[in-house]
Amino acid sequence: MKKINKITIQNFKAFPDLQTFGLNGKNLLVHGNNGSGKSSLYWALYTFLQCSEKDTDEINKYFVPFNDAIEDTYQSLRNIYRPEDDDSFIKIELQGESPIKLAYDNFLDVQSSDIQEANKASDFINYKLLHNFYNNTHKKHLNVWNVFRRDFYPYLQYRSKSYHDWLGEIYHDLPKYPESDGGRYYRRNSWMYASFKDKINNFNNEIINLLNSINHQANKVLKDKFRINDIEIFLEYIKVLTWDEDWDRSFNSPEIKLSIKYQKDGNIHTNHRPQSFLNEASLTRIAISIRLGALLTRLATSEWKILVLDDMLISLDMSNRMIVSEIILNDEDLRDFQKIILTHDKSFFDILRNKTDSTEWNYLEFQKDEKNNSSRPIIKPNKTYLEKAKEFFEEKEFDACANYLRKESESILRKYLNKDLTGIESDFESLSNLINQAKTQVEHEQLYRFQKILHKKGLPFDKLNEDFESDGSIDANIKGRLRGLKKDLIQFAIQENKRNTKAEHILNELNSIKKRILNPGSHGNSMPYYEQELKEAIEIVEKMYILLNPNEIGT
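Heads up: the sequence shown begins at 37 in this note's numbering, then just goes up one per residue.
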């Protein structure tokens with residue numbers, strides 16, 4: 037699969053000057069306050085892919101200088117503080133390929149079949165898109181036709197074309213009157229009129245099939261991922277697309293109704309106004325399930341595809357955010373996507389950072405002077421406490437180095453003790469308590485691994501203490517399996533002895549440096565720090581990370 041190597045933006049939305057994001061084929065996790073430029077990156081990628089299938093005028097409108105007196109410039113995405121003659125562009129470089137530039141009158145490279153396929157295969161989700169599902173008055177049922185038309189049809193494929201293009205062909209082919217005005221005139225008994233009506237009927241039938249597929253996948257996400265079994269999503273095409281021949285000779289307004297089914301008193305009931313029945317968090321879970329259900333329905337073939345998420349989880353509590361994150365990070369169907377996650381929530385960012393690996397992810401901080409709208413965002417790498425400790429060590433700032441070593445030690449231990457990272461229960465635990473808990477956890481994991489080896493189905497492991505080789509009552513196949521079990525247990529004992537000795541040594545060393553170095557450093561004591569001791573402390577913390585990293589445990 038191809039991945040983005042570099043993103044370059046200039047004079048686009050929040051970025052007045054040249055800004056480069058070096059991804060090097062990795063995923064990207066970004067933290068930044070509202071207004072810091074996160075959404076500008078989101079829209080840069082969205083615009084780049086969308087323009088692969090737009091015409092000249094539609095593309096150029098994004099890059100013309102904005103003038104509040106000229107309506108044709110209202111859709112410009114240029115930075116409003118830059119001079120009109122400044123170049124404005126978005127440039128994407130895939131690994132091993134030349135950069136592709138999108139700018140005013142410079143878009144032919146974007147309109148390649150490869151980029152068009154990537155556009156259909158990729159997905160962009162933010163809070164507003166989810167909110168569109170249930171942003172309706174309480175008095176009416178939820179009609180999500182426009183949500184589908186705007187956010188789904190351009191990406192959902194029917195054979196060799198999108199539903200968006202198919203719908204566009206139907207609107208383009210509609211009969212127009214009178215013939216003298218240059219419009220088409222289809223006689224009702226003509227083959228052209230019959231073909232036009234068939235195209236509408238075929239479209240309607242496929243929308244029904246599409247909704248059935250999305251219903252299936254969305255409910256699967258709702259039940260299997262969110263663990264919600266008492267509600268079922270139901271998308272229904274209640275008002276199909278029709279051409280009114282007799283009245284005003286126009287298309288009607290179709291409707292896709294979003295309802296939920298639920299159990300009450302042993303019976304299945306349907307609620308046609310879920311926005312009145314459910315709270316916002318529940319509605320967001322339903323919207324996410326539909327979005328992911330549609331994505332899983334339309335999984336398209338492409339050499340490269342991206343999944344960009346911009347603060348899509350702000351109405352969910354942390355436990356539900358972790359469920360969605362688990363899907364995004366680990367679902368097998370999403371494995372080939374290059375993921376870009378943008379969030380203003382620092383605690384959520386920190387949790388995702390702990391659940392991901394720097395070999396596969398880049399981490400950035402976006403900052404901006406909120407009092408100065410014309411200032412450019414400041415982009416800098418998000419560094420771990422250990423990386424900061426090393427920097428302070430090199431700068432001879434030993435007090436700060438010790439303080440960040442303590443923070444990194446606590447972070448590693450919390451991550452080990454709470455592998456699912458579903459909460460922050462241990463945030464106020466003392467470092468001593470965390471060390472003791474880690475020692476206990478290491479012993480429990482050793483016992484678990486021992487029991488996992490010992491309890492092999494159908495084996496009389498009590499015979500291991502006897503001369504089972506000479507026991508004629510034991511089947512030859514069982515003897516062979518007992519031989520293998522004995523070998524596994526011996527190997528396990530050797531490995532676990534090394535592992536436990538190492539774990540005990542590292543945790544004891546950590547406890548020792550806590551008393552000598554970390555405690556005084558974190559409390560601002562004036563005790564002098566010795567460079568060699570801090571260097572050894574850094575090495576101990578690094579070893580502890582390797583030992584206790586959840587990705588390493590049990591491997």
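In this text, a Cβ means the ideal position worked out from N, Cα and C, and glycines have one as well.
Unbroken beta strand (DSSP E) stretches of 3 residues or longer found wholly inside the segment 347-418: 374-379, 397-403 and 414-417, given in chain order. Secondary structure note for Thr337: it is in no beta strand (DSSP E), with a DSSP letter that is neither H nor E. Sequence-distant Cβ neighbours of Asp346 in its own chain, meaning closer than 7 Å and more than five residues away, are Lys74, Ser75, Tyr78, Asn162 and Leu378.
Here Ile116 carries a coil assignment [DSSP, helix/strand/coil]. At a Cβ-Cβ threshold of 8 Å, Asp260 and Gln299 do not count as neighbours.
Residue pairing by DSSP places Ile43 opposite Phe57 and Ile128 in a beta bridge.
Between the segment 59-74 and the segment 413-426 there are three or more inter-stretch CB-CB distances shorter than 8 Å, so the stretches are counted as touching. Fully contained in the segment 58-109 are the following beta strand (DSSP E) runs of length 3 or more, in chain order: 63-68. In this structure, the straight-line span from the alpha carbon of Leu271 to that of Tyr170 is close to 13 Å. Bridge pairing for Asp280: Ser286 [DSSP]. Under the three-state reduction of DSSP, His305 is assigned to strand. Collapsing the DSSP output to three states places Ser198 in a strand. Annotation: Glu575 to Glu545 spans about 11 Å, alpha carbon to alpha carbon. For Val344, DSSP records a beta bridge to Phe160 and Ile376. Fewer than three beta-carbon pairs drawn from the segment 303-317 and the segment 127-134 are found closer than 8 Å, and the two stretches are therefore not classed as touching.
In the three-state DSSP reduction, Phe143 falls in the coil class, being neither helix nor strand. Excluding its 5 nearest sequence neighbours in each direction, Leu453 has C-beta neighbours in its own chain below 8 Å: Ser462, Leu470, Gln473, Ala474 and Gln477, listed in chain order. DSSP places Ser445 within a helical segment (H, G or I) once states are collapsed to three.
Per DSSP, Ile292 lies in no alpha helix (DSSP H); the unbroken beta strand (DSSP E) holding it starts and ends at Glu291 to Lys300. Restricting attention to Asp372, Glu268 and Phe51, the CA atom closest to the CA of Ser325 is found in Glu268. Around the Cβ of Met358, a 10 Å sphere holds 16 or more other Cβ atoms; the residue is buried. For Thr333, the number of other beta carbons within 10 angstroms of its own is at least 16, and it is reported as buried. Residue range Ile267 to Lys275 is occupied by the beta strand (DSSP E) that includes Leu271. Within 10 angstroms of the beta-carbon of Pro290 lie 16 or more other beta-carbons, which makes it buried. Between Ile292 and Trp181, the CB-CB gap stays under 8 Å. Comparing alpha carbon positions, the residue from Phe48, Ser72 and Leu81 closest to Lys42 is Leu81. Across the structure, Asp369 and Ala154 are spaced so that their CA atoms are roughly 16 Å apart. In this structure, Ile296 and Ser158 do not form a Cβ contact; the two beta carbons are roughly 29 Å apart against a cut-off of 8 Å. Per DSSP, Ser231 is one residue of the alpha helix (DSSP H) stretching across Trp227 to Asp260. Note on Trp340: 16 or more other CB atoms within 10 angstroms of its CB, so buried under the neighbour-count rule. Scanning its chain for C-beta atoms nearer than 7 Å, with the 5 sequence neighbours on each side dropped, one finds no residue around Ser509. Under the three-state reduction of DSSP output, Leu521 falls in the helix class. Rounded to whole angstroms, Ala317 and Leu352 show a C-alpha spacing of 5 Å. Of the residues Lys579, Phe528, Phe239 and Ile264, the one whose Cα lies closest to the Cα of Tyr189 is Phe239. Within the model, the alpha-carbon separation for Ile350 versus Leu365 is close to 18 Å.
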